[in-house]
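Written below as structure tokens is the structure these notes are about.
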Amino acid sequence: MHTDILAAAGLTDADLTGGTLVVTSPIDGAEVARVAETRPEDMSGIIARSQAAFREWRKLPAPRRGELVRLLGEELRAAKAELGAVVTLEAGKIGSEGLGEVQEMIDICDFAVGLSRQLYGLTIASERPGHRMSETWHPLGPTGVITAFNFPVAVWSWNTALALVCGNPVIWKPSEKTPLTALATQKIMARAMARFGDDAPEGLMQVVIGDAAVGEALVMSKDVPVLSATGSTRMGSIVGPKVAARWGRPILELGGNNAMIVTPSADLDMAVRAIVFSAVGTAGQRCTSLRRLIAHDSIREELVARLAKAYASLPVGDPRQGGTLIGPLIDHAARDAMLAQLEKARAEGGTVHGGSAVTEGVPQGGAYVAPALVEMPAQTDTVRTETFAPILYVMGYDRLEDAIAMQNDVPQGLSSCIFTLNMREADLFLSAVGSDCGIANVNIGPSGAEIGGAFGGEKETGGGRESGSDAWKGYMRRQTSTVNYSAELPLAQGVRFDF
Ligand code: NAD
1 MHTDILAAAG
11 LTDADLTGGT
21 LVVTSPIDGA
31 EVARVAETRP
41 EDMSGIIARS
51 QAAFREWRKL
61 PAPRRGELVR
71 LLGEELRAAK
81 AELGAVVTLE
91 AGKIGSEGLG
101 EVQEMIDICD
111 FAVGLSRQLY
121 GLTIASERPG
131 HRMSETWHPL
141 GPTGVITAFN
151 FPVAVWSWNT
161 ALALVCGNPV
171 IWKPSEKTPL
181 TALATQKIMA
191 RAMARFGDDA
201 PEGLMQVVIG
211 DAAVGEALVM
221 SKDVPVLSAT
231 GSTRMGSIVG
241 PKVAARWGRP
251 ILELGGNNAM
261 IVTPSADLDM
271 AVRAIVFSAV
281 GTAGQRCTSL
291 RRLIAHDSIR
301 EELVARLAKA
311 YASLPVGDPR
321 QGGTLIGPLI
331 DHAARDAMLA
341 QLEKARAEGG
351 TVHGGSAVTE
361 GVPQGGAYVA
371 PALVEMPAQT
381 DTVRTETFAP
391 ILYVMGYDRL
401 EDAIAMQNDV
411 PQGLSSCIFT
421 LNMREADLFL
431 SAVGSDCGIA
441 NVNIGPSGAE
451 IGGAFGGEKE
461 TGGGRESGSD
471 AWKGYMRRQT
481 STVNYSAELP
491 LAQGVRFDF
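Mapping of the sequence shown onto the UniProt record's numbering: residues 1 to 499, in sequence order.
Structure representation (structure tokens):
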């Protein structure tokens, strides 16, 4: 059965056998493939190929580069079902989320095609007569993209669609837990490149397979000027300083600990739906998953009762079956980590609803859990820690200022939201003294971002921005130019230097 899914995505025996990286499916823990790993000693040749591709690719006009991304979008549309099925098989996402991930890739391609004609610089008023100032954006060079298991293909596309139109080749190191989605995506990319023709240099898009050691070669190389890394804060704390020390440009997209504030005026029906989707969707394994609920004391009990009822009815099971809403965690270590955090929360005075391992009615071998709702007396250290699993901590508040302070009082700063029908509360939350996160929403949960906005967060989330808005600037270098069309040579700031 797995073979059918992988073959439909274009993966051959040569891709799936004979290697040393054992790939298992979180659905049932069964081995799916043994993929060949990139040897660390081969990385210098791979990076050199990327540099050679850069020298050609940067010469192509940006709208022509956009044409390749347009073709990639077409190929992704044609392969949506097949690639979505591999996401489900390898990352354990339910069918609709697997397809949604591929749709996100298509969306960013559309965005990047338009962007290829909009890499705008500014013209700037010069203080000197007969002078003109402007800025131009130029390609920066090979872009390393290190991705996490939980968005095994979308994060690649956020980076790659932009990098390509900006004039940069890409070297992608996917998570060692999800190499098959990467190999399947590379086949799709190869089809787009074949249709594009000879203008696409060999080495424009390369995939390397392996763990941190392979990633390390990208992190350390001066020939990889942009390094985008998505994953845990732990990873970012290692990678970020290394890239900075060699004067590279890191784009870090790290852990989140996202909160929702629910005020007395909130539409509780909407809040309950938003909470359930964002706390348990993708089995709590989104960087933007809702992990903390800060509810006004006047509505907290009612909200918890409604959530407990909703949680009890959520179908946990095989993500390939229609009707399942909560698939497996990525592996048993993730389930152990979740259960250990729940123990800690209990020791800190928390009351845990749900949160046990599920072994009945699910495929054997997978790590399935019932989502947990945990009423906490305070925001303890356990609550401040990101656990990549469906745990939702609930705390109460009296004054909105205190709720905002609690929402900000964690090391991470990715996503946040408020449910309120009160304009003053909503705008306070979005103001300079409100949420300190990269994403702040009103009457929508913290997860499920669209590609049109810049995506990323502050503090230990790393400060990087990807996807929409002007995130493309992270992949280019800015050149400021002053042109003197006069016959004089005045100096700025009125400086005289007569001789
Ligand atoms: P992880 O940190 O274990 O691994 C992420 C990637 O980094 C993998 O490809 C891994 O091989 C690589 N890596 C790890 N150490 C490295 C090193 N020293 N040098 C080079 N590469 C290294 O993360 P994960 O478990 O795959 O993903 C879950 C985490 O990712 C969560 O914390 C989640 O919040 C975060 N995440 C963040 C975003 C975001 O946009 N902010 C998106 C998705 C996931």
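Built from N, CA and C at the ideal position, the CB exists for glycine as well. All of these numbers come straight from a predicted model, not from anything done at the bench.
| In terms of residue numbering, what span does the alpha helix (DSSP H) encompassing Gly215 cover? | Ala212 to Met220
Notebook entry, point to check: Among residues of its own chain, excluding the 5 on either side of Cys109, which ones have a beta-carbon nearer than 8 Å to its beta-carbon?
Noted result: Val69, Arg70, Leu72, Gly73, Leu76, Ser157 and Ala161
So what does DSSP say about residue 500, is it helix, strand or coil? There is no way to answer for residue 500, as the model of the chain reaches only from 1 to 499.
Out of curiosity, what's the CA-to-CA distance linking residue 502 and Gly361? Here the chain comprises residues numbered 1 to 499, so residue 502 is not present and cannot be evaluated.
- Taking the C-alpha atoms as reference points, what is the distance between Trp172 and Tyr475? If you take the alpha carbons of Trp172 and Tyr475, they lie about 15 Å apart.
(message) If distances are taken between C-alpha atoms only, which option among Ala340, Thr382, Asn258 and Ile326 comes closest to Ala370?
(response) Ile326
Check your understanding: Are there three or more Cβ pairs, one per stretch, closer than 8 Å when the region 135 to 146 is compared with the region 464 to 482?
Key -> yes
_Just checking Ser116 against the ligand NAD - is the residue's beta carbon closer than 7 Å to any of the ligand's heavy atoms?_
Outside the cutoff, so no.
Checklist entry - The alpha helix (DSSP H) spanning residue 517 covers which residue range? => result A question about residue 517 goes unanswered here, because the residues of the chain that appear run from 1 up to 499.
Strand pairing of Val87, partner residues [DSSP]
DSSP lists no partner for Val87.
Practice item. Kindly indicate the opening and closing residues of the beta strand (DSSP E) around Lys173. Key: Val170 to Lys173
**Buried or exposed (CB count within 10 angstroms, at least 16 for buried), Ser298** = exposed
Does the Cβ-Cβ distance between Pro26 and Pro315 come in under 8 Å? no
Discussion item. Using only CA atoms, which one of Pro40, Ala125, Glu82 and Lys177 lies nearest to Ala33?
Written reply: Nearest to Ala33 by alpha-carbon distance, out of Pro40, Ala125, Glu82 and Lys177, is Lys177.
query = Start and end of the alpha helix (DSSP H) containing Trp158?
reply = Ala154 to Cys166
Taking the Cβ atom as the reference point for each residue, do Ser415 and Pro446 lie within a distance shorter than 8 Å? yes
ask   = Could you give the uninterrupted runs of the beta strand (DSSP E) lying entirely in the region 105 to 156, keeping only those of 3 residues or more?
value = 131 to 139 and 143 to 146
Is DSSP giving Pro40 helix, strand or coil here? helix
- Task: Please work out which residues of its chain come closer than 6 Å, Cβ to Cβ, to Gln186, disregarding the five sequence neighbours upstream and downstream, and give them in chain order.
- Result: Val207
Between Ala334 and Ala367, is the Cβ-Cβ spacing less than 8 Å?
The Cβ atoms of Ala334 and Ala367 lie closer than 8 Å to each other.
Is any heavy atom of the ligand NAD found at a distance shorter than 7 Å from the C-beta of Ile47?
The ligand NAD has no heavy atom closer than 7 Å to the beta-carbon of Ile47.
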